[in-house]
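If you read the protein sequences in the order shown, they are chains R and H.
Its first residue numbered 1, the first sequence is counted upward by one per residue in UniProt numbering.
Its first residue numbered 1, the second sequence is counted upward by one per residue in UniProt numbering.
Heads up, the beta-carbon is just placed ideally off N, CA and C, and yes, glycines get one too.
If you're wondering where the values come from, they're calculated on a predicted model, not measured in any experiment.
Here the structure comes first, spelled out in C-alpha cells, and everything after it is commentary.
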Amino acid sequence: MSSLISFTILGLFTGAAYAIAASGLVLTYTTTRVFNIAHGAFGMVMAFVFWDFSQRQGLNLFLSLFLVLGVIAPAIGWGIQRFVTKGLGEGPVSVALVVTVGLFVGLIGLAQQVWPPEPRTVPPFMASSGVQLGDTYITAHQIITIVISIGVALGLYVLLNRTRIGTAMRASVDNPELLKLFGGKPDTVAALSWAIGISLAALGGILLSSVIGLSYYDLTLLVINAYAAAMLGRLKSLPLTFVGAMGLGILQSFAVAYLPSDGFLAGTRAVVPALFLFVVIVLMPQAQLRIGQVKGIVSAPLPSITKSVAWGGALLVFVALLVGGGMSTANLLLVGTAATYAMVMLSLVLLTGYGGHVSLAQLTFAGVGALAYAKLEQPNLAGLFLAAAIAAGVGALVALPVLRLTGLYLALSTLAFGVLMDKMIFQAEFAFGFNGTLQAGRLSILGNAIESTGGYVLVMTLFLVLMGIALLLLRRGSLGRVLIAMRDSPAACGTLGLDMRWFRVGLFGLSAGMAGLAGALFAGLRGTIGAADFQFFNSLPLLLLAVVFGVTSVTGATLGGVGLMLLPVMQSNNPGIAGLIFAVLGFGAVALGRDPNGLANLMFGLGRRIQALVLPQLRDRLPVLPGRRPDGSDDGEDAGLADLLPETPDATGKVPAHV
Amino acid sequence: MSDHPIGGAHAPLLEVDHVVVQFGGVTAVNEATFVADAGTVTGLIGPNGAGKTTCFNVISGLQKPTRGKVRFRGRNVTGAPVHRRSKRGMGRTFQRLEAFGSLSVRDNVRVAYDIHRGLAGLVRPGAKDIDALLDRVGISSYADERADSIPTGTARLLELARCLAGDPKLLLLDEPSSGLDESETDDFGDLLRDLAAEGRGILMVEHDMDLVMGVCDTIHVLDFGSIIASGTPGEIRRDPAVQRAYLGYSDEVPEHELVGASAGASAVEETRTDLVPVGAATEATTVIPAVGATIPEDVR
Ligand SMILES: Nc1ncnc2c1ncn2[C@@H]1O[C@H](COP(=O)(O)OP(=O)(O)OP(=O)(O)O)[C@@H](O)[C@H]1O
Ligand SMILES: [Mg+2]
C-alpha cells in the first residue's frame with residue numbers, strides 16, 4: 001500500500017515536470033503551427049546553462065534560476081522565432097520538421113562542445129528537506145515541482161483568459177486572419193509564445209535534471225514524453241495536456257514498479273512514453289485535408305534517362321578504379337558504408353523529396369532489413385529481396401495505424417517507432433540481443449558468393465545505381481506525377497478521387513523497403529552487425545544530410561551518403577571538435593532546410609553555367625560535324641543556357657519541366 | 001460527353017439539407033438548405049464571409065458539418081470521404097488555388113485523368129487527348145508552363161479542366177471567373193452553358209453579377225450562413241431581402257461593374273465594393289480575391 005502511494009507520488013512528480021515542458025510545446029505549436037522537435041533539446045541545453053551558473057560558477061541558486069528562466073531562455077525563444085521558425089508554419093510540414101530536427105541535432109552538438117562529457121550533478125532543490133507521510137517520504141523537490149506545475153497551469157490560464165495578449169494568442173490559434181482583424185500583432189504573439197515556450201522547456205529540464213542526471217540524450221529525449229502528453233490534448237488543449245502528462249508520469253512509475261525486471265516485458269518499461277505516444281496518435285480522430293496550397297516548393301531538374309545511366313556508369317567505373325587501385329580494406333568498407341547511406345537517402349528522396357512526408361526513423365528500417373538478412377540461411381538474391389520485403393512490410397505497418405492522419409503525426413509515429421525498435425526489439429534475445437551482434441554472410445549471386453570486399457563494394461554500387469535509375473523512372477511515370485501532385489495539393493488530389501490513405505501506406509512501405517535493402521547489403525558488407533549500427537538517433541543526422549545535399553535528387557542522395565560516411569571519420573580524427581561537427585551540421589540544416597533541393601541543386605545550376613561558358617568556346621574550335629548544328633557562339637550566355645537544358649524528351653514525349 | 005442523363009425526375013442531383021457548420025463560437029453556415037439539379041447552372045451568392053466556401057467544403061467532404069445532411073445522386077454522402085464523393089461524380093475548384101504548382105499545366109490534367117482511371121492510370125499513362133480538354137477551356141497556349149507561373153484566371157480554368165478529366169456529374173466552382181477579363185468571362189459563360197447542356201449540374205459561387213444573372217437558372221442567396229432567398233435571376237433581383245443584404249445593389253447592375261473589368265485583382269475588388277453587407281461585423285472589410293482572407297480596411 002505504501003509503495004503504491006510512493007510510486008504515485010513519484011509519477012505525479014515526473015508527470016508535473018512533463019506537464020510543464022509539454023505546455024510550452026503546445027503554446028508554441030498552437031500559435032505558430034511549428035512543431036518544435038527540438039523542444040527537449042532546448043530544455044537540455046538550458047539545464048546545462050543552469051548547472052554552469054549555479055554549480056560551476058557558483059552563482060546564487062535563485063539568481064541562476066532567474067537568469068535562465070527569465071532572461072536567457074526567453075531571449076533564445078524570441079530569437080528562434082524571429083530568425084529561424086518565422087513563416088515555417090505556412091510552408092510544408094516537412095520543412096518545419098527538418099528545420100527543428102536541425103535545431104535538435106545542432107543543440108546536442110553544441111552542448112557536447114561547450115560542456116564536454118564529465119560527471120555533473122544538479123542537486124535537487126532543498127535537498128535535505130522532505131515530508132514523512134506515513135511510510136512514504138516525499139522530498140521537497142518533488143513537492144516543489146508539483147506546486148510549480150500547478151502554478152504554471154494557473155499562470156497560463158490567467159494569461160490566456162484574462163489578458164489582452166492572451167486573448168490574441170487564443171485568437172491566433174483558431175484563426176490567424178481573425179487575429180489581424182482584431183488588430184492583434186501576430187509577430188508579437190508568436191515571439192512571446194516562443195519566449196514562454198522555451199522558458200517552460202528550460203524549467204522542465206532543470207526540474208528533471210537532478211533526478212535523471214545531466215545527460216545530452218536522456219534529457220533531450222524527454223521531449224517524447226512531452227509530445228505524448230501534448231498529443232492527448234491534440235496539441236491544442238492545455239488541460240488535456242496536463243492530464244496526459246500526469247497520466248504518463250504515473251503509468252511510467254507503475255511500469256517501473258510492477259513490471260518484471262527481466263524478460264521481454266522489461267523492455268517495455270523504457271518505452272512507456274513511446275507506446276503512449278503511439279497509442280494516442282492512433283486514437284486521434286480523422287485529420288481533415290489541408291486546404292490552402294503549400295507554398296515555396298521548387299523541384300530539382302529531372303535528368304534524362306540517358307544522362308542518368310551515363311552518370312551511373314561513371315560512378316561504377318570510378319568505384320571500380322578505386323577497387324582495382326588497391327584501396328585498403330578499411331577504406332573499401334567506408335566506400336561500402338557510403339553506398340549504404342546513399343541508398344537509405346534514396347529512400348528519403350522517394351518519401352520526402354517526392355512525397356513530402358518525413359520519416360524520423362529511416363535507419364531503423366535499414367536495421368530491420370539487416371536483421372532479416374542476418375537471420376537468413378542462404379544469403380542469396382532471393383534472400384536479399386525477402387529482407388527488403390520484410391522491411392517494406394514493417395514500414396507499411398507503421399503507416400497503417402496512422403492511415404487517417406497526415407504530415408506531422410506520421411513523422412511523430414515514426415519517431416515513436418524508432419524508439420520502440422531501439423529499446424525493445426533490436427536488443428531483444430530473438431534479434432541482435434542486448435549489446436549483442438549477429439553474423440551475416442556475404443551475398444551470393446547465382447551461387448557465387450562475393451567474398452572479396454572490393455567486389456562486394458562494386459556490387460553495392462551497382463545496386464545504388466540501379467536503385468537511382470529505378471527511382472528516376474518512377475518519378476517520370478504517372479506514379480511519380482501523382483506523388484508530386486499529392487505533395488503540392490492533397491486537397492485537390494482528394495477531390496479528384498485519389499484515396500491517399502493507401503497511397504501513403506504504399507509509399508511508406510516502398511521507401512522502407514529501399515532502406516531495408518540497403519541495410520541488408522550493409523549487413524553482408526560488415527559481416528558482423530548489432531543494434532548499435534542502427535541506432536534510432538542516427539536517423540536524424542541522416543535526414544539532415546539528405547536535406548542539406550538535396551533530398552529531391554538522386555545526386556543529392558549520393559553526395560549525402562558520402563557526407564554521412566565521413567561524419568564519424570571526421571569526428572574520430574578530431575575528437576576535440578566532435579560536438580562542433582554536429583552543431584555545424586544541425587545549424588547548417590536549419591539554414592538550408594527551407595530549400596529541400598539542397599546543395600545538389602546549386603551544383604546543377606553551377607554546372608549549367610560552366611557548361612554555358614565553356615561549351616560555346618569548345619564548339620568554336622571543333623570542326624562542324626555532319627548532323628551537328630553549327631551553333632553561333634555569339635548567341636550569348638543565355639542562349640547557350642537554354643540550349644543546354646535537358647535535351648531528350650521524356651517517355652511521354654514532352655520536354656521535362658524546369659525550375 | 002456524358003452518356004447517360006443523370007438525376008432524372010425524382011431526386012435532385014445535389015441536396016443540402018439543414019447544414020450547420022460552427023467554428024468555435026462562429027456559425028459559418030446556419031441551417032442551409034438548397035438543391036442543385038442536373039443540366040442546370042445554379043448560383044450560390046452572398047456577401048464576403050457568408051459561408052459559401054464553407055458550404056462547398058461540406059458538400060465536397062473537406063469539412064464535416066456540425067449538423068445536417070448532404071445527398072448526392074440520391075444517396076446520403078454526409079459521412080463519405082472526399083475521394084468517394086469524387087468517384088461518384090463530384091468535381092470542384094477552389095477559391096484559393098490548388099493547382100499542382102510544380103507540374104506543367106498539361107501534367108496537371110494528366111494526373112487528374114490518371115487518378116480518375118484508378119490503378120490502371122497509375123501503371124499506364126492514359127491515351128486520352130489531354131490537349132482537347134485544355135483547348136475546351138481555352139488554355140492550350142499555356143500547356144507546357146508550370147502551373148505556379150500562370151495567371152490566376154488561367155489557373156482557375158486549369159482547375160476546371162482538371163475536374164473535367166474525371167467527367168463529373170456535378171461541378172462545384174468557387175469564384176471561377178475572378179481573374180478573367182471581360183471577353184474571357186463571356187467565353188467562360190458559354191462554356192458553362194455547354195457543360196450544363198451535356199447534362200451536368202453546376203453549382204457556382206460567383207461575385208460577378210453579370211455572369212451570375214446571365215448564366216444561372218436558379219440562384220440561392222446566402223447571408224450570415226443562412227439562405228435568405230432562392231429563385232430565378234429575375235426573382236432574386238426583385239427580392240427585398242437580397243437588396244437589403246447587398247447595400248447598393250439594385251435592379252440595375254451599376255455602371256462601373258460593367259466597365260473596367262480587366263483581368264487582375266483590382267478590378268474584382270472594385271466590383272465587390274457593391275457587395276459589402278450592411279452587417280456591422282463585416283462593415284469595414286473587403287476581400288482580396290486570390291487569397292480570400294478577410295482583412296480590415298486600414299491594414300489594406
Ligand atoms: N477553418 C475555419 N476556422 C474558423 N473560421 C472559419 C474557417 N473557415 C471559415 N471560417 C469563417 O466562416 C465564415 C464563412 O467563411 P467562408 O469562407 O465560407 O465565406 P465565403 O462566403 O466563402 O466568403 P468569400 O466571399 O470571402 O469567399 C467566415 O466568417 C470565416 O471567417
Ligand atoms: Mg469563399
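8 Å Cβ cut-off: residues of chain H touching residue i
{"i": "ILE305(R)", "result": "Near ILE305(R) there are no residues of chain H at all, since even the closest Cβ is about 16 Å away, more than 8 Å."}
{"i": "VAL482(R)", "result": "VAL111, ASP114, ILE115, LEU122"}
Beta-carbon contacts of residue i that lie in its chain and below 6 Å, excluding the five residues immediately before and after
{"i": "residue 670(R)", "result": "Residue 670(R) is absent from the structure shown; chain R starts at 1 and stops at 659."}
{"i": "VAL41(H)", "result": "LEU192, ALA196, ILE202, VAL215, CYS216, ASP217"}
{"i": "MET345(R)", "result": "ALA546, ALA557, GLY560, GLY561"}
{"i": "ILE143(R)", "result": "none"}
{"i": "ASP194(H)", "result": "none"}
{"i": "GLY184(H)", "result": "Checking the displayed sequence, the identity of residue 184(H) turns out to be Glu instead of Gly. Nothing listed; no residue qualifies."}
{"i": "ASP239(H)", "result": "ALA229"}
Cα-Cα separation between residue i and residue j, rounded to whole angstroms
{"i": "ASP135(H)", "j": "ASP129(H)", "result": "10 Å"}
{"i": "ALA583(R)", "j": "TYR216(R)", "result": "13 Å"}
{"i": "TRP115(R)", "j": "GLY130(R)", "result": "32 Å"}
{"i": "residue 309(H)", "j": "LEU580(R)", "result": "Only positions 1 to 300 of chain H appear in this structure, which leaves residue 309(H) out of reach."}
{"i": "ALA492(R)", "j": "PRO303(R)", "result": "27 Å"}
{"i": "SER140(H)", "j": "ASP488(R)", "result": "22 Å"}
{"i": "PHE254(R)", "j": "LEU27(R)", "result": "29 Å"}
{"i": "THR461(R)", "j": "PHE536(R)", "result": "25 Å"}
{"i": "TYR409(R)", "j": "LEU348(R)", "result": "17 Å"}
{"i": "ALA612(R)", "j": "GLU90(R)", "result": "37 Å"}
{"i": "ARG162(H)", "j": "LEU315(R)", "result": "41 Å"}
{"i": "GLU118(R)", "j": "GLY204(R)", "result": "22 Å"}
{"i": "ARG609(R)", "j": "PRO616(R)", "result": "12 Å"}
{"i": "LEU618(R)", "j": "ALA310(R)", "result": "21 Å"}
{"i": "PHE463(R)", "j": "GLY356(R)", "result": "25 Å"}
{"i": "ASN108(H)", "j": "TYR341(R)", "result": "34 Å"}
{"i": "GLU98(H)", "j": "ARG85(H)", "result": "18 Å"}
Buried or exposed by the 16-neighbour rule on C-beta atoms within 10 Å, applied to residue i
{"i": "VAL398(R)", "result": "buried"}
{"i": "GLN252(R)", "result": "buried"}
{"i": "TYR258(R)", "result": "exposed"}
{"i": "THR188(R)", "result": "exposed"}
{"i": "ALA318(R)", "result": "It should be pointed out that residue 318(R) corresponds to Phe in this sequence rather than to Ala. Exposed."}
{"i": "ASP533(R)", "result": "buried"}
{"i": "THR32(R)", "result": "buried"}
{"i": "VAL147(R)", "result": "exposed"}
Interface residues of chain R facing residue i [CB-CB closer than 7 Å]
{"i": "residue 327(H)", "result": "Here chain H has residues from 1 to 300 only, and residue 327(H) is not among them."}
{"i": "ASP107(H)", "result": "ARG481"}
Chain H residues whose Cβ lies nearer than 7 Å to that of residue i
{"i": "LEU498(R)", "result": "HIS83, ILE115"}
{"i": "ALA485(R)", "result": "PHE100, LEU103, VAL111"}
Proximal residues to residue i (C-beta, below 7 Å), its chain only, five neighbours per side dropped
{"i": "GLY102(R)", "result": "LEU544, GLY586, PHE587, ALA589, VAL590, GLY593"}
{"i": "GLY436(R)", "result": "GLY530"}
{"i": "ILE236(H)", "result": "ILE219, VAL221, ALA229, VAL242"}
Own chain, CB closer than 8 Å to residue i, minus 5 neighbours either side, in chain order
{"i": "HIS116(H)", "result": "ALA165, GLY166, ASP167"}
{"i": "VAL280(R)", "result": "ALA228, MET231, LEU232, GLY244"}
{"i": "SER104(H)", "result": "ALA143, ASP144, GLU145, ARG146, ALA147"}
Residue i: contacting residues in chain R (beta-carbon distance under 9 Å)
{"i": "GLY201(H)", "result": "Within 9 Å Cβ-Cβ: nothing; GLY201(H) doesn't reach chain R, min ~16 Å."}
Amino acids of chain R, ordered along the chain, whose beta-carbon sits closer than 8 Å to that of residue i
{"i": "GLY91(H)", "result": "THR495, LEU496"}
{"i": "GLY166(H)", "result": "LEU496, GLY497"}
{"i": "LYS87(H)", "result": "GLY497"}
### Task
Determine contact between the segment 491-501 of chain R and the segment 335-347 of chain R, defined as no fewer than three beta-carbon pairs at a distance below 8 Å.
no
### Task
Taking 8 Å as the threshold, find out whether the segment 34-48 of chain R comes into contact with the segment 237-255 of chain R through three or more Cβ pairs.
no
### Query
Is the number of C-beta pairs between the segment 217-226 of chain H and the segment 26-43 of chain H that are closer than 8 Å three or more?
yes
### Query
Taking one C-beta from the segment 203-211 of chain R and one from the segment 10-22 of chain R each time, how about it: are there three or more such pairs within less than 8 Å?
yes
### Query
Pairing CB atoms from the segment 384-399 of chain R with CB atoms from the segment 501-515 of chain R, are three or more of them under 8 Å?
yes
### Task
Decide if the segment 595-610 of chain R is in contact with the segment 131-138 of chain R; the criterion is three or more beta carbon pairs, one per stretch, under 8 Å apart.
no
### Query
Between the segment 70-78 of chain H and the segment 467-476 of chain R, do at least 3 Cβ pairs fall closer than 8 Å?
no
### Query
Do three or more CB pairs link the segment 55-65 of chain R to the segment 563-576 of chain R at distances below 8 Å?
no
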